[in-house]
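A.B. asks: Here you go, one structure.
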Amino acid sequence: MAKYEIRNKRLTDEEFFRIRKEEVLPQWETGRDLENMDECISAAHELSVGLGRNYAITLRDANEQGIHLLQPQFGRALTEYMIDGMCYVEDESPLVPAGLWNVFSDSYTRKNNYKMAAVGIERSIQEGTTMLNGWPIVNFGVEEARKIKRAVKSPMTLNSTDEDGRLASETALAAGWNACNCRSITECMAHCKNIRLDEEIHINQYESRLAAIYHERGVPQSPHISCNLTGYDSCGFKSFIMVVQALLGSEQGIKQFYLEFGINMNMVQDAAMMRVTKKLCEEYCQRFGYTDVRFIVNNNMFQGAFPPRLEEASAMMNLAVMIGIMGGSTALVLKCQDEAFATPTKEGMAASVRMARHLDTLLGALRLPDNAALREEEHMLELEVRAMMEKCLEAGDGDIALGICLGVDAGWVQTMISPWKYNRGNVLLMRDAENAMRYFNCGDMPLPNEVKQYHLDKLKSRAAKEGRPLDFDMVVSDLQYASRLPIIQK
Amino acid sequence: MAKYEIRNKRLTDEEFFRIRKEEVLPQWETGRDLENMDECISAAHELSVGLGRNYAITLRDANEQGIHLLQPQFGRALTEYMIDGMCYVEDESPLVPAGLWNVFSDSYTRKNNYKMAAVGIERSIQEGTTMLNGWPIVNFGVEEARKIKRAVKSPMTLNSTDEDGRLASETALAAGWNACNCRSITECMAHCKNIRLDEEIHINQYESRLAAIYHERGVPQSPHISCNLTGYDSCGFKSFIMVVQALLGSEQGIKQFYLEFGINMNMVQDAAMMRVTKKLCEEYCQRFGYTDVRFIVNNNMFQGAFPPRLEEASAMMNLAVMIGIMGGSTALVLKCQDEAFATPTKEGMAASVRMARHLDTLLGALRLPDNAALREEEHMLELEVRAMMEKCLEAGDGDIALGICLGVDAGWVQTMISPWKYNRGNVLLMRDAENAMRYFNCGDMPLPNEVKQYHLDKLKSRAAKEGRPLDFDMVVSDLQYASRLPIIQK
Amino acid sequence: MTRRNVNKSVVIGTIGSDAHIIGGWVLKHAYEDAGFKVAFLGAMVSHQEFINAAIEVDADAILVSSSYGMGLIDCEGMRDKCIEAGLGDIILYVGGTIAAPLELERNWPEVERRFREMGFNRAFKNTCTAKESVTTLKADLGVE
Amino acid sequence: MTRRNVNKSVVIGTIGSDAHIIGGWVLKHAYEDAGFKVAFLGAMVSHQEFINAAIEVDADAILVSSSYGMGLIDCEGMRDKCIEAGLGDIILYVGGTIAAPLELERNWPEVERRFREMGFNRAFKNTCTAKESVTTLKADLGVE
Ligand code: B12
Ligand code: B12
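Protein chains in written order, with the UniProt record's numbering: chain L, 1 to 490; chain F, 1 to 490; chain C, 1 to 144; chain D, 1 to 144.
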């Protein structure tokens, strides 16, 4: 246990401001503009609460009123492309007034490789098009970020982390955006290769604390807890890491979380995941004394491979929106018809907003009715998540930060495919006859026998339906179950 | 009771062949080519069973295997456009091997106005495009119909009735298509103005008997019982008329019915309608001694106004397909993105097939799980349909043909808006908060109090949600609830 | 337009073999709400029936609804019959989904041109709301 | 292509900061199934790591996967480094979603041209299946 120093403990102001000054702001020259935190906060207040465009408040109100917020994603190399594209979407779709923006930075920025981001900016100017996969927020700095904030009508959040998103988050927050993802394990599993989990948690503690400070000082924040990992993870694993992150973020003082689910595309299983996760986030937070924390369920779309044709992509998106609404989400992050090819275009995003809003109109107040299949799924999921939580808490002697690090070492915490070198990856997942995600082999994950059996039984339904035994090839081909175009018989 | 001569009684061969010779074949010159019925049947056998492209068999097998058949609709003025368009769809989409065709004739043909159809053909040739809203099957005759049948790979059915579709059906059947809709009340309510229901039932008895004769002589048929009426009818009314039609068709010897539901776009209510209708069709058929009849659940899309833009139309279509699959349909009749503007184009239909097939892949074996809301809806629907059936049967002294005619007179059988002059139309329908269709006022329909109360309670949920009292304006604006484009706030 | 006295009265119906009655039903309510006298003939109305009703109620305008795609054929000769019946200056509107092939429906100026040529004063797309059509007619009639 | 002895061995990894590992994982299995020796370097591999591994396993080809949209930037100079390392004639493939803006991804000949100019033998769209890529490599290597 002495292996890791990390603990789930709030950073003191002293530590926080030391890190800020020594480690975060110096990462790139634009950090200088953020030195005066009071100024940052009051600017943020003016640009979000002041303009009536605060992300956290909008989200909370929509949740209370049962309104669905649509959330397009957008990220281009240059500020002018950003403003042009986001205004286009707001002008060509019914995004306003029930919308949010999810802006992503480019991957160089996410890797704190601001020199390469600068190369990308140069190249983009030269070529007259975007040569980066997102907006390099750090290179452009806080004033440019404020310019965007002023130009668009819907509240914004920033999606920019891999190992270390602290400077990006500082910049976004000071511009009146929402920021500060709370997702150390997600990051390791989805985007990282070499960083240790304890280091990543430490970095994320800073981000969470940062959001909390803004919140405490009157600029409400709603950091994202994401489980949109590789697109090929079990619901239990996704749910588990969200509960863990809830504890880590709450300790730093976050009061409102945006639970961002990456769904697996089976309505019943996904609904179960959303419900169980919220319930357990609340329950575990209660248990550890975080009593005034709010969790809002939202969902991103399927994070796996999309089909490379309009109609098939449209079927995917409609199903995803439907699962989100029927499953109880408030905000719906949108992909678009270009998903299989390139980062979203403004035309694609406007189209997605039109589509999703209409589906929302058609569904009205309809939700997935409570039913036995859903309850069984919830029950099994709860057993699974509780088993993993208790295992890690026990190992960490009641400290979840420590426990999860040890859990990764032991292989209890793992997913099937990840770039992260600490991921054991001996779990195998495939889809059952209803396309719910199941453990074909649960590797070293500490799942209750009842849960294992449940998954295997479900898989048998598929074997029966297809009339062939389950095998490893199914695992591989399931990675593309939704992206292969159907065969046309000529 | 002496008011009507009509009875639910099988036409004798003598009557049938007399009508055929005297009333049906002479309607237009192409009727001559159908005189020899044995020849017609053997040609039909060769072109459908022989080629492995029989509609009824394909439907039955798909139903048994749990496969979904996609069913595009198509109809243009000239045979060459038909072949070009249908082959295009089969070449550009995964329609084959799990597809069916729904070919519609033009409205002049449906009104037996073959002279005007001829004008439309001429105009189409002149203008080099289709100036009719469907394929004038009677004017072109059986040889042209066979040409189409040979050119396409998927089994075909004909949608061609208003008052009198007998000659059209004769032509289609002799070409190896499926035909003979069994839908006298639907026709009156949807397409007619002046004809009396007893006359229409009489005409339809011929069509049903015709299908039965082909079936008995080795060319399986699966006539459609449709409830795709005005698009603005209650589920109970739709279900009721399907049960009535089942009795009328079975008496004539039909052994397999294609139940074609027009859905109202609320997943739970539509699923309830599909289940209850099938159950009651079976039950009432048993009761009247039709013991070997098969009912297959299928659905058409929403029959009301579609939105005039791609993305909104796509949301509609995806939801409709989802309701069909989740609700238990085998075949899914498709509309397309052009729905609000003009009869389907080949490009639009190919796109719909691609979309629907992908959604089917994504949903896999998932169906709407049994649940309490669904059971309650089913229960209420059953009460309603039984009440209407019993009322009519009683009035008709056990004869449903007579009973329903009297029911129309009494106003028990009616819908909100119809071109039919005998429709009382004092019922008012609107949508509840979940967009299920409810009675705001049930006029003279003999609904049990429990059912009335249930609908009113559901409507209260909407009043509460919208914070305003229910009124007639809601009835009017609900007619376009799905077709209005959302407002863009600039 | 120099015309007879306006008395806020219209005839509404679908033409030819067109059964699409919903649009007409909505129009009927909208015109009544706007204070018009409405002769609602329902669906599948012939030229002669339209004209007879127009004479009977001394209509300012005939609102022909056509949705099933064959309006171009069905509307031919309607103006001539009006002239014959002494209704030469009656306003003729047509609306709905008035042209069968998509190519044509998308080429709206051409659709309008054809209906004008046939003597219709205006043609309306099916995206036109009932209220908008009331406003237009009032303007054409010069009334409030 | 005149080359050294073919020994059915490849290096696979994603380049630059690209974390998209799933495609590489699929490729790894497909090449192993096809009898190749695979040095699978996982995600975020630098030019030098690719080259070192290629030397170590005496690879016929380096399969560079790039999905995150910055492949055009990341792949620059890769061929030169190969030449420097004495791997001048090694086959370089790139595949994935290799260009960031949609305009460019849709203009495939231009994407191919650019990668050829950078010394890549072939560029593959992300619709290419793992099996297809195996078949192509075998053909390029002249082996079964
Ligand atoms: C409901 C419907 C039906 C119902 C009709 C029930 C009934 N009896 O009314 C049923 C299912 C029975 C039906 C049958 C048929 N239909 Co239909 N139907 C529709 C649908 C889905 C909606 C029409 C509707 O009710 N809209 C709602 C009302 C409120 O809107 P509206 O009619 O457009 O009217 C508004 C405006 O247009 C305007 N307006 C209307 N008329 C006028 C006139 C004037 C002067 C003015 C100012 C304004 C105005 O005011 C209204 C208020 O906003 C449309 C497609 C669509 N639009 O989504 C197809 C559609 C009209 N039908 C079509 C066809 C072809 C048929 C059939 C031949 C069957 C078939 N092949 O599919 C039959 C024809 C029957 C017949 N003899 O006419 C086609 C017509 C194609 C074309 N124009 O080129 C359409 C466009 C569908 C399609 N894309 O294929 N149909
Ligand atoms: C899953 C996924 C993720 C997962 C990745 C998990 C992981 N670690 O692997 C997560 C959610 C973490 C993620 C993150 C990001 N992603 Co991502 N992601 C996808 C997605 C949805 C599927 C990719 C996938 O797994 N496909 C399945 C595999 C089996 O297919 P494949 O990779 O294409 O590989 C096949 C072929 O291409 C071929 N192949 C692949 N490589 C090679 C090489 C050679 C030589 C050959 C011959 C063949 C070959 O063989 C494979 C077998 O068929 C795609 C969109 C899509 N395609 O639907 C976006 C996508 C690739 N991501 C994108 C982006 C931008 C990002 C992010 C920057 C976040 C963001 N802004 O959205 C980060 C970047 C992280 C980083 N540092 O790289 C963009 C890239 C845009 C571009 N190219 O212009 C895409 C296209 C989505 C989009 N439209 O915006 N992503």
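Every residue gets a Cβ at the ideal spot worked out from N, C-alpha and C, and that includes glycine.
(1) Assign residue 5(L) to one of three DSSP states: helix, strand, or coil.
(2) Any heavy atom of ligand 1 closer than 7 Å to the CB of residue 441(L)?
(3) Can you tell me whether residue 1(L) is buried or exposed? The criterion is at least 16 other CB atoms within 10 Å of its CB, across all chains shown.
(4) For the region 307-331 of chain F, which residues have a beta carbon sitting closer than 9 Å to at least one beta carbon of chain L?
(5) Out of 294(F), 125(F), 364(F) and 306(F), state which residue places its alpha-carbon closest to the alpha-carbon of residue 79(F).
(6) Determine, for residue 97(C), whether the minimum Cβ-Cβ distance to residues of chain F falls below 8 Å.
(7) Do residue 48(L) and residue 219(L) have their C-beta atoms closer together than 8 Å?
(8) Is residue 1(C) buried or exposed, if buried means 16 or more other CB atoms sit within 10 Å of its CB?
(9) Using a Cβ-Cβ distance cut-off of 8 Å, determine whether residue 52(D) contacts chain L.
(10) Starting from residue 331(F) and walking both ways along the beta strand (DSSP E), at which residues does that stretch end?
(11) Can residue 191(F) be considered in contact with ligand 1, in the sense that its beta carbon sits closer than 7 Å to one or more heavy atoms?
(12) For residue 214(L), which option in 59(L), 333(L) and 42(L) has the closest C-alpha, if you only look at C-alpha atoms?
(13) Using a threshold of 7 Å, is the CB atom of residue 230(F) nearer than that to any non-hydrogen atom of ligand 1?
(14) Under 9 Å Cβ-Cβ, which residues of chain D neighbour residue 358(L)?
(15) Using a Cβ cut-off of 7 Å, pull out every chain D residue sitting near residue 123(L), in sequence order please.
(16) Which chain L residues sit within Cβ distance under 7 Å of residue 135(D)?
(17) Counting only beta-carbon atoms, is residue 21(C) nearer than 8 Å to chain F?
(18) Measure from the C-beta of residue 26(D) to each C-beta in chain L and report whether the shortest distance is under 8 Å.
(19) Per DSSP, which one or two residues make a beta bridge with residue 156(F)?
(20) By Cβ distance, which residues of its chain are closer than 6 Å to residue 203(F), with the 5 residues on each side in sequence left out?
(21) Counting only the same chain and skipping the five closest in sequence on each side, list residues whose C-beta sits under 6 Å from that of residue 233(F).
(22) If I measure Cβ to Cβ from residue 128(D) and keep anything under 7 Å in the same chain, skipping five residues before and after, which residues do I get?
(23) Could you name each continuous beta strand (DSSP E) segment of 3 residues or more that falls completely within the region 25-108 of chain F, going from the start of the chain to the end?
(24) Between the region 6-13 of chain D and the region 19-27 of chain C, are three or more C-beta pairs nearer than 8 Å?
(25) Check the Cβ of residue 91(L) against every Cβ in chain F and list those closer than 8 Å, keeping chain order.
(26) Could you tell me whether any Cβ in chain C is nearer than 8 Å to the Cβ of residue 210(F)?
(27) With a threshold of 7 Å (Cβ to nearest heavy atom), would residue 104(F) be considered close to ligand 1?
(28) Assuming the contact rule is C-beta atoms closer than 8 Å, residue 306(F) and residue 279(F) should be a hit. Round their C-beta distance to whole Å, please.
(29) How would you write the range of the beta strand (DSSP E) that residue 226(F) sits in, first residue to last?
(30) What first and last residue would you give for the beta strand (DSSP E) that runs through residue 407(L)?
(31) Sorted by chain position, which residues of the same chain lie with C-beta nearer than 7 Å to residue 144(F)'s C-beta, five sequence neighbours on each side aside?
(32) Taking the alpha carbon of residue 222(F) as the point to measure from, which residue in 447(F), 250(F) and 136(F) has its own alpha carbon closest?
(33) Please confirm if residue 417(F) has its CB atom under 8 Å from at least one CB of chain C.
(34) Step through the CB atoms of chain D and report whether any lies within less than 8 Å of the CB of residue 335(L).
(35) Measuring from the CB of residue 184(F), is there a heavy atom of ligand 1 at a distance below 7 Å?
(36) For a cutoff of 8 Å on Cβ pairs, would you count residue 20(F) as touching chain L?
C.D. replies: This is what the structure holds:
(1) coil
(2) no
(3) With a pLDDT of 48 at residue 1(L), under the threshold of 50, the predicted position of this residue should be treated as unreliable, though the coordinate-derived value follows. The residue is exposed, with fewer than 16 neighbouring Cβ atoms inside 10 Å.
(4) 307, 309, 310, 311, 312, 313, 314, 315, 316, 317, 318, 319, 321, 322 and 326
(5) 125(F)
(6) yes
(7) yes
(8) Bear in mind that a pLDDT of 44 at residue 1(C), under 50, signals an unreliable position, so the number given afterwards is only what the model happens to contain. Answer is exposed; the Cβ neighbour count stays below 16.
(9) no
(10) 331-333
(11) yes
(12) 42(L)
(13) yes
(14) Neighbours of residue 358(L) on chain D: none; closest Cβ ~24 Å, over 9 Å.
(15) 73
(16) Those within 7 Å of residue 135(D) in chain L number zero; the least Cβ separation is about 17 Å.
(17) yes
(18) yes
(19) 101(F)
(20) 164
(21) 415
(22) 95
(23) 69-71 and 101-104
(24) no
(25) 488 and 490
(26) no
(27) yes
(28) Not really, about 30 Å apart at Cβ, beyond 8 Å.
(29) 224-226
(30) Where residue 407(L) is concerned, there is no enclosing beta strand (DSSP E), although the alpha helix (DSSP H) it sits in stretches over 400-410.
(31) 79
(32) 250(F)
(33) yes
(34) no
(35) no
(36) no
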